[in-house]
RNA sequence: GGGCGCAUAGCUCAGUUGGUUAGAGCGCUACAUUCACAUUGUAGAGGCCAUAGGUUCAAAUCCUAUUGCGCCCACCA
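Residue numbers (my numbering): -1 to 873.
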């Protein structure tokens, strides 16, 4: 039978096969069930333009582990999948694609362009979904949603109307972040601030009625064309007398006044600031306060407009250079200082955004933030790791209104209509037949669409199509996401859910780290440092990808990746594969029927069997504990360590010589079968493949239940006894290695001397195992054994091991070594004695700790005695 | 300017409420191949837990300060 199974695990042979099997048998589907409790995760919907990257791989592996684990634990587990229409990103992609035909979206017109986007979506939009399937994701695919689905769009419109009617949505002219490349407004969150090395330019503005100047400092000289005042601090002695004076704005020759405002920082620059109310948020506030003129000097594409006079049609940065040249020529550029500044960048195309005055739609956020703050403060929603709570609260408490209108075509069109006759806006879920005010029939819809996040914030509930499902699965259980979108998405979902559902969207938020390359840089296409998960799947297998990723992801820490990391996962899969091959060599279908607990209770199991059972359940217990705390790496490492180093390295090696023994067969089979179930959420494919080859009940490991912890099988005493045996074996191997007697040891007799009869009986019983694993032909165990001259000896707490090697061993060297050990033991003993003589320690430390220290002291004494005895024997 | 994270073996990192001898993976050294697995096994070397104070019977772990690196937020032109 074993010959049929290849020596190396080949993931390609099995992964697609089992995924198809699961999907075809609808093993991922979840339905409301009276007898089961729900467990639900909504996927952070990837963009339709998305291609799987390591961030997705990590994010979805975590979700799949949780879902598969809870499913096996008996919950009705729903993982709700879907994609996001990603307004700007998708529009950009399609614009690029039609550019190949030399077309701009304006050439096609709105309807035709949107048609093209839909076509693009049909063709490429499910790429990411196929990739998520490659990853093994057990989403309920029949529920696949898209943020522009009919029902979902309906929900978006309803929500808009709801907020408008509550007075929480308004329209107005404000300074917003404008991306000149995408030509749309952005929210504050969509303008990512980055520090740039720029200059601070000192410009001279002449007075109207004298030859004097006032000097202003600016980082964006091109905006001077829109200046409508210069402001100084009223307390500033230098400028006090100048307040109210008129200046001639250079290059444009507009008369502007010097105004006073305490907002001005006297220490910065020259202490006088140019005021451009249409191009800077601070200046905008000053403009409002002092009733200044708002002059917009820029086209939406970032070129200067007609109000910029001679500079019209120049790009903003080109205009900057020309303006500086011109000012210099006129002697109006006083000086230039290097200056670090931070500027917003469009999060989609990375263009520097322009603070731009325009009419937009906004959501008043303060009233929505209140309940969202409460829910987290009261612990109804918990962040893992905890520290994100603070980040969330800090943002929530300083929340600004949300600009939700976008000047693009792809997205949810704003449900506001206008009457051409009387200009009356009508906010409505559907297009009204006529104007409510003048009954006019000429009605048109607002041209703008909504921010993509204005639809994603409804994701935890708008994805449910019927009340029954909503009632059963909502609120969802856990949200798994990356820190980058706490503000964009997590915070807003909490606000939306509390507002529209009067209920939290999820109980736990698990924030995992960002995936970086080995140098700590964020993985990105432009840096060319991407490790493609699909390449890894191809080379190492999905299970290897998942396991390696998860085992290096400490809670909330960023993940540093290199390709070699995935070898660990691949090797583990291979180890599992080969251990299973070995176990499958002894196929006996009847083992499946043996009741493990019953067998255990009969009390005739060997120490080795009792030990591995105890270790299995101890491990299971820790794995569960860590999974519940979202400590996935810890859980993965426990599973790895148990299987490789305890089950394979020790257990299988120990029972190998007695493989036909009934008990050994049962235990070996049972542990493997249960272990596969524990490993299944981490490595779904290989565990299914092996499980199917083992004698099993049921059609898929996915449907089997998570092993139940058998507390009475966990036995620390047994574990300690076994550790002692392992220590003896390791010591003998060590001696052999030290003597370089790898082959020669077989003929020699190894003698173990124990302190007492009980110990001796215990060791003696296990001597066949020791002989076996050390490849010894002769081993004798005695109560007290006098060392003979010329023997090679090693001391092990309360026993010593001797190998007679007359003439081969340098006795002086041995004594020297033992002396060193004696010294160390004596020092340890001394510090332990001091510790136990310390009254404060005895008084303050817990009893168990004191007890432990006492035991340790005794064992040190024992060891010292042994060491001295051995030393004397050698002489 | 504010906030957060990190500093532990040659490298990449674990170390959960303070309590045995600080762990893993990779790398390194030596040995082992008719044995389920060389994607392996056995053994080994390698640590002043960033620095300086403090709290405590007890500190890698808690507190304070310092240094270095990274991230996030913020309207100083």
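For each residue, glycine too, the CB sits at the ideal point set by N, CA and C.
| Would the stretch 293 to 303 and the stretch 174 to 191 be scored as touching if the rule is three or more Cβ pairs under 8 Å? | Yes, the stretch 293 to 303 touches the stretch 174 to 191.
| said: Using a Cβ-Cβ cutoff of less than 6 Å, which residues in the same chain neighbour residue 335 once the five nearest sequence positions on both sides are dropped? | reply: By one-based count along the first chain, residue 335 stands at place 337. Same-chain partners within the cutoff: 198.
| query | Exposed or buried, residue 431, counting other C-beta atoms within 10 Å across all chains shown (16 or more means buried)? | reply | Here the question's residue 431 lines up with position 433 in the first chain. It is exposed - the Cβ of residue 431 has fewer than 16 other Cβ atoms within 10 Å.
| said: Between residue 810 and the ligand ATP, is there a pair consisting of the residue's CB and a ligand heavy atom that are separated by less than 8 Å? | reply: As for the ligand ATP, it is missing from this structure, which has no ligand bound.
| request: Out of 340, 626, 668, point me to the one whose CA is closest to residue 581's CA. | output: Here residue 581 refers to the residue found at position 583 when the first chain is read from its first residue. The shortest C-alpha separation from residue 581 is found at 668.
| request: Please confirm if the stretch 364 to 376 is in contact with the stretch 388 to 398, defined as three or more CB-CB distances below 8 Å between the two stretches. | output: Yes: at least three Cβ pairs fall under 8 Å.
| message | Taking 8 Å as the cut-off, does the stretch 42 to 53 touch the stretch 78 to 89 (at least 3 CB pairs, one atom from each stretch)? | response | yes
| task | Determine the contact status of residue 450 and residue 480, defining contact as a CB-CB distance below 9 Å. | result | As a first step, residue 450 must be located in the first chain, where it is residue number 452. As a first step, residue 480 must be located in the first chain, where it is residue number 482. Taking 9 Å as the Cβ cut-off, residue 450 and residue 480 do not qualify as a contacting pair.
| query | Under three-state DSSP, which class holds residue 411? | reply | Translated into positions along the first chain, residue 411 becomes position 413. In the structure shown, residue 411 sits in a strand (DSSP, three-state: E or B).
| said: Are the CB atoms of residue 71 and residue 920 within a distance shorter than 9 Å? | reply: Coverage of the chain is limited to positions -1 through 873, which leaves residue 920 absent and any answer about it impossible.
| task | Following the continuous beta strand (DSSP E) through residue 602, name the residue where it begins and the one where it ends. | result | By 1-based counting over the first chain, the position of residue 602 is 604. Looking at the DSSP string, residue 602 is not in any beta strand (DSSP E), and its letter there is neither H nor E.
| field | Cutoff 6 Å; reference residue 857; Cβ partners in own chain excluding five residues on either side | value | Translated into positions along the first chain, residue 857 becomes position 859. Excluding positions up to five away in sequence, the list reads 795.
| task | Specify whether the stretch 620 to 638 and the stretch 546 to 566 touch according to this definition: at least 3 beta carbon pairs, one from each stretch, less than 8 Å apart. | result | yes
| request: Determine contact between the stretch 766 to 778 and the stretch 718 to 731, defined as no fewer than three beta-carbon pairs at a distance below 8 Å. | output: yes
| request: Figure out for me which residue from 689, 245, 837, 484 has the closest Cα to the Cα of residue 381. | output: Sequence index remark: in the first chain, residue 381 carries index 383 (1-based). It is 484 whose Cα lies nearest to the Cα of residue 381.
| query | So what does DSSP say about residue 484, is it helix, strand or coil? | reply | Sequence index remark: in the first chain, residue 484 carries index 486 (1-based). Helix, per DSSP.
| task | Could you tell me which residues DSSP pairs with residue 352 in its beta bridges? | result | As a working note, residue 352 is residue 354 in the first chain. Answer is 176, bridged to residue 352.
| query | Is there contact here, the stretch 586 to 598 with the stretch 635 to 653, by at least three beta-carbon pairs under 8 Å? | reply | no
| Mind checking residue 678: buried by the 16 CB within 10 Å criterion, or exposed? | Residue 678 sits at position 680 when you count from the first residue of the first chain. Counting Cβ neighbours within 10 Å, residue 678 comes out buried, since at least 16 surround it.
| said: Just to confirm before moving on: does the CB-CB distance between residue 628 and residue 506 stay below 9 Å? | reply: Within the first chain, the letter at position 630 stands for residue 628. Within the first chain, the letter at position 508 stands for residue 506. For residue 628 and residue 506, yes; Cβs fall inside 9 Å.
| task | Taking 8 Å as the threshold, find out whether the stretch 8 to 21 comes into contact with the stretch 59 to 66 through three or more Cβ pairs. | result | no
| request: Work out the CA separation of residue 232 and residue 331 for me, nearest whole Å. | output: For the purposes of this step, residue 331 is identified with residue 333 of the first chain, where counting begins at 1. For the purposes of this step, residue 232 is identified with residue 234 of the first chain, where counting begins at 1. When rounded, the distance between both Cα atoms is 25 Å.
| Cβ contact check for the stretch 122 to 140 and the stretch 23 to 30: 3 or more pairs under 8 Å | yes
| field | Residue of 685, 145, 528, 544 minimising C-alpha distance to residue 7 | value | Taking the first residue of the first chain as 1, we reach residue 7 at position 9. Of 685, 145, 528, 544, the residue nearest in Cα terms is 685.
| request: For residue 306, I'd like the list of residues in its chain whose CB is within less than 6 Å of its CB, leaving aside the five on either flank, ordered along the chain. | output: Your numbering for residue 306 matches position 308 in the first chain. Excluding residues within five positions, the ones whose Cβ falls inside 6 Å are 223, 295.
| Hey, which unbroken runs of the beta strand (DSSP E) at 3 residues or more fall wholly within the stretch 792 to 821? | 797 to 802
| For residue 128, the first and last residue of its enclosing beta strand (DSSP E) | Numbered from 1 along the first chain, position 130 holds the residue referred to as residue 128. For residue 128, no beta strand (DSSP E) segment is defined; the enclosing uninterrupted segment is the alpha helix (DSSP H) at 125 to 132.
| query | Of the residues 311, 167, 91, 563, which one's Cα is nearest the Cα of residue 358? | reply | Your numbering for residue 358 matches position 360 in the first chain. Selected option, being the one with the closest Cα: 167.
| query | Per DSSP, residue 337 forms a beta bridge with which residues? | reply | Locating residue 337 in the first chain gives position 339, counting from the first residue. Per DSSP, 196.
| query | Going by other Cβ atoms of all chains shown within 10 Å of its Cβ, with 16 needed for buried, is residue 662 buried or exposed? | reply | For this step, residue 662 is matched to residue 664 along the first chain. That one is buried.
| Should residue 355 and residue 282 be called a contact, given that it needs their Cβ atoms to be closer than 9 Å? | Taking the first residue of the first chain as position 1, residue 355 is located at position 357. Taking the first residue of the first chain as position 1, residue 282 is located at position 284. It is a contact, given that the beta carbons lie within the stated cut-off.
| said: Please return the same chain residues whose Cβ sits closer than 8 Å to the Cβ of residue 860, not counting the five positions on each side in sequence. | reply: Within the first chain, numbered from 1, the residue matching residue 860 stands at position 862. Closer than 8 Å at the Cβ level, and outside the excluded window around residue 860, lie 753, 795, 796.
| message | For a test of the three-state rule: what should DSSP assign to residue 215, helix, strand or coil? | response | Start at 1 with the first residue of the first chain, and residue 215 comes out as number 217. Of the three classes helix, strand and coil, the one that applies to residue 215 here is strand, per DSSP.
| field | Assumed close pair residue 412, residue 361 - CB separation to whole angstroms, cut-off 8 Å | value | The residue given as residue 412 occupies position 414 in the first chain. The residue given as residue 361 occupies position 363 in the first chain. Contact flag wrong, Cβ pair sits at about 12 Å.
| message | Helix, strand or coil for residue 592? Go by DSSP, reduced to three states. | response | The residue labelled residue 592 in the question sits at position 594 within the first chain. Residue 592: coil per DSSP, three-state reduction.
| query | Within this structure, are the beta carbons of residue 649 and residue 712 separated by less than 9 Å? | reply | On the first chain, position 651 is the one that residue 649 refers to. On the first chain, position 714 is the one that residue 712 refers to. In this structure, residue 712 does not lie closer than 9 Å to residue 649 by Cβ.
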